[in-house]
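Student: Mind having a look at this structure? Questions to follow.
Numbering (our numbering), first residue to last: 40 to 130.
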């Protein structure tokens with residue numbers, strides 16, 4: 040675990056000892072944020088792409104190793120790229 044500052048240690052201790060209480064309106068806030076996440080993650084567009092058989096087999100192998108369907112892996116790769124968390128290797 041990362042090192043915690045004093046305030047973070049106090050919060051963790053209060054949580055673990057059961058001294059924390061939900062804020063007023065927390066349920067409404069939680070529901071609103073769940074709706075935001077649901078709307079943001081909704082997969083409502085379909086694309087078709089052509090890949091070489093070699094790349095497709097490689098994609099399927101990677102997905103199998105990760106334990107996810109290859110479509111999920113492709114969507115994850117695209118999402119990471121769009122969010123700027125996946126960069127082209129310049130070798």
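Glycine residues also receive a C-beta, built at the ideal position from the N, C-alpha and C atoms.
Note that the structure is predicted; figures quoted are calculated from it, not measured.
Compute the Euclidean distance between the alpha carbons of residue 50 and residue 68, then round it to the nearest angstrom.
Tutor: Translated into positions along the chain shown, residue 50 becomes position 11. Translated into positions along the chain shown, residue 68 becomes position 29. The alpha-carbon atoms of residue 50 and residue 68 are separated by roughly 20 Å.
Student: Beta carbon of residue 125, beta carbon of residue 116: below 8 Å?
Tutor: If you number the chain shown from 1, residue 125 lands on position 86. If you number the chain shown from 1, residue 116 lands on position 77. Yes, the pair counts as a contact, with Cβ atoms nearer than the cut-off.
Student: Assuming contact is defined by CB atoms lying nearer than 8 Å, are residue 77 and residue 114 in contact in what I supplied?
Tutor: Here residue 77 is taken as the residue at index 38 of the chain shown, counted from 1. Here residue 114 is taken as the residue at index 75 of the chain shown, counted from 1. Contact flag unset, no.
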